[in-house]
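Visitor:
Residue numbers (my numbering): 6 to 1167.
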């Protein structure tokens, strides 16, 4: 073992492995958080009675998979020699686990499902499955990611109650009046509220006006108390004298100013209600409208210049005194901001109009939630929020836990939570309930790890204040010992130094739980500083985004020349910031992988498919039909399209001349014209050839459209038209597959095709990245980059803003929410609600106050977002941004500061000098500025291409070679070894079909949450499955079949071998369909289960639901192995051509808990 670089926080890392204590670990970027989490997991695993006593929670499937694989890899790598002290520690932990594994007979490597490493969503789903009645779920619905259409249906159903429910109608009318009778807007606002209902649902039942107005008064009082705590009392007398001087001058000059209210002030204002206006006057005296200390005073502020010499001397003296006072006050941190905030305080009470609207909204929202549940029930679908809330119900209350909560309290000994800084209130509540019965010293532990400096998911309801509160106060009865990691294993010394110096200035100095203010914690790099500059700032001026794009290309090409294998990432705050860069990268023929950057509906192949769908579902859609005829598979030139449209016009004219009314019913559609011979007279010879081919294909599709699903209709049409021949890459094929899958899902869930809903859903999807790119150059948003690392990070567009947030129907604020969750009493919080402002009004002051608080939280998160982006870089970081150079009134060119709320504005205190130096090197003039703007305007103009890409006019679909014949595996294997159910009766076949289907489902769930009680609860579902297969619902046969299905699945989840087969495995597939050539013939294969195991084998497993009543089961299993050997050997032959891996074959018999295996050996 070589000597490793000393790690400054090694002692803290060792302390974090103590299983007798609970910890909360702050792990900055690059500090080896995941490795510490795995070491803690291994340390616990060596001490528990069963692996299931430990639960490790992550927030993404990817994170859970990575953690599980790394644990299994560590357990399988005992023969490797450790190279560092850190690796030696991991190996020692592994040896202890393997010793415990051997003693207890766990066989973890062969039973990885015993490792309960799962997402929090998966945990919630498993809780719901265990308690279907308490969770109010009943049978398990489908969980969907995007329920926006269902939310909209619920909102629409609520508004429709105006016709049938008088009480609800009154509230709906109130809301309509408030929002100018805009029904569509109200629908969208209600639907949006449903997507975040876990945040507000707990509050809307508290409708006490006095309570809410008490919160308003508390906010005002606390703001004044904070002012008093930081205002220097030594300046009080001088302040009052200056106030008297200025106020009297304003009165004499008949000026209207808030300062006049202070004219009789003798002491510093207090924190009572009447003191608010006095503080407001003081703010008017000392601060500008933007909250900056005044640099100029004149008669408008109460400081007239004076008319004679004496008055001028007096005026000069008073100005000197007020500037001297300001100089003292400037030394107090946060005084100007705190004083400025007084101006934005909400009023102490609601107006009657505000309260009327608020009361109506609060009464409507539970009704919308009820309608949503009905919609969920009708579709058999729910969102993740509903699952999480149902899981909380299944656990009961803190002081009244359910049987499930008590059972889990007994079973769970250790809980680990990764990325705890991204916890939402509901998730925090779940952790609180899971650990509610834990006591100090009972041997159980809670381990929370995360980095509050990387909390960037407020749009997903993450509250970084929960991390800060847990660290300060613990969770429930659990005392959490804080640990701060400082070693950075990722970035070179130069980058870490720059980040330390920069973010110490950007991030707030003091921690604040309510606002989520997180101070910066410095890191120490273990890597040396490189010779080249670690961080480079590239200034640009006057929105020169094309020059910025060129610089990005230059950086990429330089890095790739130096080392072609270097990983490069272009990170942006918003996808729109790439609109110049991606086209330029493509022009330079640089391959890249864009991760959820390019919208699916913007891809040419998808646009072609969309117009084809519109045309075939609405024959009168003129625009869609013309687009179909212009698409590459047809490619009519414009003159041919004009001839067809002209024929439509001629037909309409003939109708009018014949005396008939020219209505839409009389007007021929494009499709009808295509089927008339007259239309061909004006079309070119080439166009006729193309039209005849396309017409034949589309005619067949239209004739058969009612006999098949929409997906099949469109997919067949696209293939027959030559759509696949028109695309340029494998990625386009993948995008087309996504389109077809989404079309099928939409038709299945909506029971019909709704073009508006479908296109709206499609707009939320992203195109696949380049599947042929090796990943050295990637483009993604900063949020997507979290958790990743790259040799070189490029950040263009740091001067640009993110999207403007949409307004909510109801704004809310609550304080001390974490404590309220612990004691279960929502009355212990300060709660404030405000309705959206009325259309046409000047605004709602309470709503505006809440928006300001939210904006402050967003501003703090922007600093953390910048930190996440910068810390992705291992070797080099490049920052690119624009700011303005403009001529002032005197013609002097001035450098303007960047736009507020941009990432560049955050960096401005650190890098302003770089922009100043760059600007000073360029000789600007009015002529140059005008020319520069003109140049950019010209570059911004889209360059339209006149090229028409299309298939040749006589294109034909390739035919399958005649000598290739299709055969099923049954015919290939022969009559002696036919498939499993060929010899059995109908009942046996039906049992086998249902068992196979549910084994696939359990395997897809990685067997998590599946147990005997869960399977027995599916009794009625098994009945429905068997009836669907063709069995009668009457008689003994179906009862026997249900028993067999239940037994097969129960035996499987009880059997350690069954759990290994169905549990989480690498590169696993269920019911894998393969088409291949065996002995010059095409063959279709279906493999029940295949995966790559930790011991290096590709496993192929077939399920056999054979039963055996005789005594010699082993002999029966041997006979079955010989019977199916040829079949599985053929599977192995095919899989060896796909995977370069040794293959093992297995037959699993669920009804017998039987197993036979054979195949390659290492």
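All C-beta atoms, glycine included, are put in the ideal place defined by N, C-alpha and C.
Among 1093, 365 and 157, which has the Cα closest to the Cα of residue 838?
Guide: Along the chain shown, one-based indexing puts residue 838 at 833. That would be 365, whose Cα lies nearest to the Cα of residue 838.
Visitor: Name the DSSP beta bridge partners of residue 1097, please?
Guide: Translated into the one-based positions of the chain shown, residue 1097 becomes position 1092. Paired residue(s): 1071 and 1103.
Visitor: Please return the same chain residues whose Cβ sits closer than 7 angstroms to the Cβ of residue 328, not counting the five positions on each side in sequence.
Guide: Residue 328 sits at position 323 when you count from the first residue of the chain shown. Once the five neighbours on either side are set aside, residue 328 has no close Cβ partner at all.
Visitor: Using the C-alpha atoms, what's the distance from residue 887 back to residue 549?
Guide: Here the question's residue 549 lines up with position 544 in the chain shown. Here the question's residue 887 lines up with position 882 in the chain shown. Approximately 7 angstroms between the Cα atoms of the pair.
Visitor: Go through its chain and collect everything with a Cβ distance to residue 613's Cβ below 6 angstroms, but skip five positions before and after it.
Guide: Here residue 613 refers to the residue found at position 608 of the chain shown. Within the same chain, residue 613 has close Cβ partners 636.
Visitor: Could you round the C-beta distance between residue 62 and residue 125 to whole angstroms and report it? I think they count as a contact, below 8 angstroms.
Guide: In the chain shown, counting from the first residue as 1, residue 62 sits at position 57. In the chain shown, counting from the first residue as 1, residue 125 sits at position 120. Contact flag correct, Cβ pair sits at about 5 angstroms.
Visitor: Kindly indicate which residue of 160, 847 and 290 has the alpha-carbon position closest to the one of residue 188.
Guide: Along the chain shown, one-based indexing puts residue 188 at 183. Of the candidates 160, 847 and 290, the one whose C-alpha sits nearest the C-alpha of residue 188 is 160.
Visitor: Between the C-alpha atoms of residue 558 and residue 582, what's the straight-line distance to the nearest angstrom?
Guide: Here residue 558 refers to the residue found at position 553 when the chain shown is read from its first residue. Here residue 582 refers to the residue found at position 577 when the chain shown is read from its first residue. For residue 558 and residue 582, the distance between alpha carbons rounds to 15 angstroms.
Visitor: Find out if the Cβ-Cβ distance for the pair residue 696, residue 631 is shorter than 9 angstroms.
Guide: What you label residue 696 is simply residue 691 of the chain shown in a count that begins at 1. What you label residue 631 is simply residue 626 of the chain shown in a count that begins at 1. Contact: no.
Visitor: Tell me whether the beta-carbon of residue 264 lies closer than 9 angstroms to the beta-carbon of residue 290.
Guide: Counted from its first residue, the chain shown places residue 264 at position 259. Counted from its first residue, the chain shown places residue 290 at position 285. Yes. Within cutoff.
Visitor: Three or more C-beta pairs closer than 8 angstroms, one from the segment 848–862 and one from the segment 802–818: is that the case here?
Guide: Short answer: they touch.
Visitor: Which of the three DSSP states, helix, strand or coil, is assigned to residue 443?
Guide: Within the chain shown, numbered from 1, the residue matching residue 443 stands at position 438. Note: residue 443 maps to coil in three-state DSSP.
Visitor: Taking residue 680 as the reference, give the member of 704, 688, 689 and 692 with the closest Cα.
Guide: Residue mapping note: residue 680 aligns to position 675 of the chain shown, counting from 1. With distances taken between Cα atoms, residue 680 lies closest to 704.
Visitor: Going by beta carbon distance, what residues of the same chain come within less than 8 angstroms of residue 178, once the five residues before and after it are set aside?
Guide: Counting from one through the chain shown, the residue named residue 178 turns up at place 173. Answer for residue 178: 167, listed in chain order.
Visitor: Opposite residue 786 in the DSSP bridges: which residues?
Guide: As a first step, residue 786 must be located in the chain shown, where it is residue number 781. BP columns for residue 786 point to 577.
Visitor: Which residues in the same chain as residue 146 place their Cβ atom closer than 6 angstroms to its Cβ, once the five residues preceding and following it in sequence are excluded?
Guide: Taking the chain shown and counting its residues from 1, one reaches residue 146 at position 141. The answer, listed in chain order, is 385, 386 and 387.
Visitor: Using CA coordinates, which residue listed in 1072, 49, 1113 and 1002 is at the minimum distance from residue 1097?
Guide: Here residue 1097 refers to the residue found at position 1092 when the chain shown is read from its first residue. Checking every option, the nearest Cα to that of residue 1097 belongs to 1072.
Visitor: Return the chain-ordered list of same chain residues with a C-beta closer than 6 angstroms to the C-beta of residue 599, the five sequence neighbours on each side being excluded.
Guide: Position 594 of the chain shown, counting from 1, holds the residue named residue 599. Contacts found: 774 and 784.
Visitor: Using a Cβ-Cβ cutoff of less than 6 angstroms, which residues in the same chain neighbour residue 909 once the five nearest sequence positions on both sides are dropped?
Guide: Working through the chain shown from its first residue, we reach residue 909 at position 904. Taken in chain order, the residues that qualify are 803, 804, 886 and 903.
Visitor: Take residue 916 as the anchor and find which of 884, 889, 898 and 694 has the nearest alpha-carbon.
Guide: Taking the first residue of the chain shown as position 1, residue 916 is located at position 911. The candidate whose alpha carbon is nearest that of residue 916 is 884.
Visitor: Cβ atoms of residue 439 and residue 471: under 9 angstroms apart, would you say?
Guide: Residue numbering aside, residue 471 sits at position 466 when the chain shown is read from its first letter. Residue numbering aside, residue 439 sits at position 434 when the chain shown is read from its first letter. No, these two residues do not count as a Cβ contact at 9 angstroms.
Visitor: Does the beta-carbon of residue 373 have 16 or more other beta-carbons within 10 angstroms, so that it is buried, or is it exposed?
Guide: One-based indexing of the chain shown puts residue 373 at position 368. Classification for residue 373: buried.
Visitor: Have a look at residue 256 and residue 376 and give me their C-alpha separation to the nearest angstrom.
Guide: What you label residue 256 is simply residue 251 of the chain shown in a count that begins at 1. What you label residue 376 is simply residue 371 of the chain shown in a count that begins at 1. Roughly 60 angstroms separates the two Cα atoms.
Visitor: Within 10 angstroms of the Cβ of residue 711, are there 16 or more other Cβ atoms? Answer buried if so, exposed if not.
Guide: Translated into positions along the chain shown, residue 711 becomes position 706. Answer is exposed; the Cβ neighbour count stays below 16.
Visitor: Apply the 10 Å Cβ neighbour rule to residue 1033 and answer buried if 16 or more other Cβ atoms are within range, or exposed otherwise.
Guide: Your numbering for residue 1033 matches position 1028 in the chain shown. Flag for residue 1033 reads exposed.
Visitor: Look up residue 687 in the DSSP assignment and give the residues it is bridged to.
Guide: Your numbering for residue 687 matches position 682 in the chain shown. Paired residue(s): none; residue 687 is not in a bridge.
Visitor: How far does the alpha helix (DSSP H) with residue 370 in it extend, from its first residue to its last?
Guide: Position 365 of the chain shown, counted from the start, is the residue given in the question as residue 370. It spans 357–384 - the alpha helix (DSSP H) in which residue 370 sits, taken as one unbroken run.
Visitor: Around the Cβ of residue 1149, are there at least 16 other Cβ atoms within 10 angstroms (buried) or fewer (exposed)?
Guide: Working through the chain shown from its first residue, we reach residue 1149 at position 1144. With 16 or more Cβ atoms within 10 Å of its Cβ, residue 1149 is classed as buried.
Visitor: Can you tell me the Cα-Cα spacing of residue 812 and residue 610, whole angstroms?
Guide: The sequence position of residue 812 within the chain shown is 807, counting from 1. The sequence position of residue 610 within the chain shown is 605, counting from 1. Going from the Cα of residue 812 to the Cα of residue 610 covers about 35 angstroms.
Visitor: Give a yes or no on contact between the segment 1050–1066 and the segment 1012–1024, applying the rule of three or more CB pairs nearer than 8 angstroms.
Guide: Contact between the segment 1050–1066 and the segment 1012–1024 is present, because at least three Cβ pairs lie under 8 angstroms.
Visitor: Please determine, among 419, 133 and 71, the residue with the shortest C-alpha to C-alpha distance to residue 22.
Guide: Within the chain shown, residue 22 is the residue found at index 17, counting from 1. Comparing Cα positions, the closest option is 419.
Visitor: Taking only three categories from DSSP, how would you classify residue 1147?
Guide: Taking the first residue of the chain shown as position 1, residue 1147 is located at position 1142. Of the three classes helix, strand and coil, the one that applies to residue 1147 here is coil, per DSSP.
Visitor: Are residue 1160 and residue 1122 closer than 9 angstroms when you measure CB to CB?
Guide: Against the chain shown, residue 1160 aligns to sequence position 1155. Against the chain shown, residue 1122 aligns to sequence position 1117. Closer than 9 angstroms, so yes.
Visitor: Between which two residues does the beta strand (DSSP E) harbouring residue 450 extend?
Guide: Taking the chain shown and counting its residues from 1, the one referred to as residue 450 is at position 445. Residue 450 -> beta strand (DSSP E) spans 450–455.
Visitor: Which residues mark the beginning and the end of the beta strand (DSSP E) in which residue 541 is found?
Guide: For the purposes of this step, residue 541 is taken as residue 536 along the chain shown, with counting starting at 1. Its beta strand (DSSP E) spans residues 540–546.
Visitor: Would you say residue 490 and residue 1011 are within 9 angstroms of each other, going by their C-beta atoms?
Guide: Within the chain shown, numbered from 1, the residue matching residue 490 stands at position 485. Within the chain shown, numbered from 1, the residue matching residue 1011 stands at position 1006. No. Outside cutoff.
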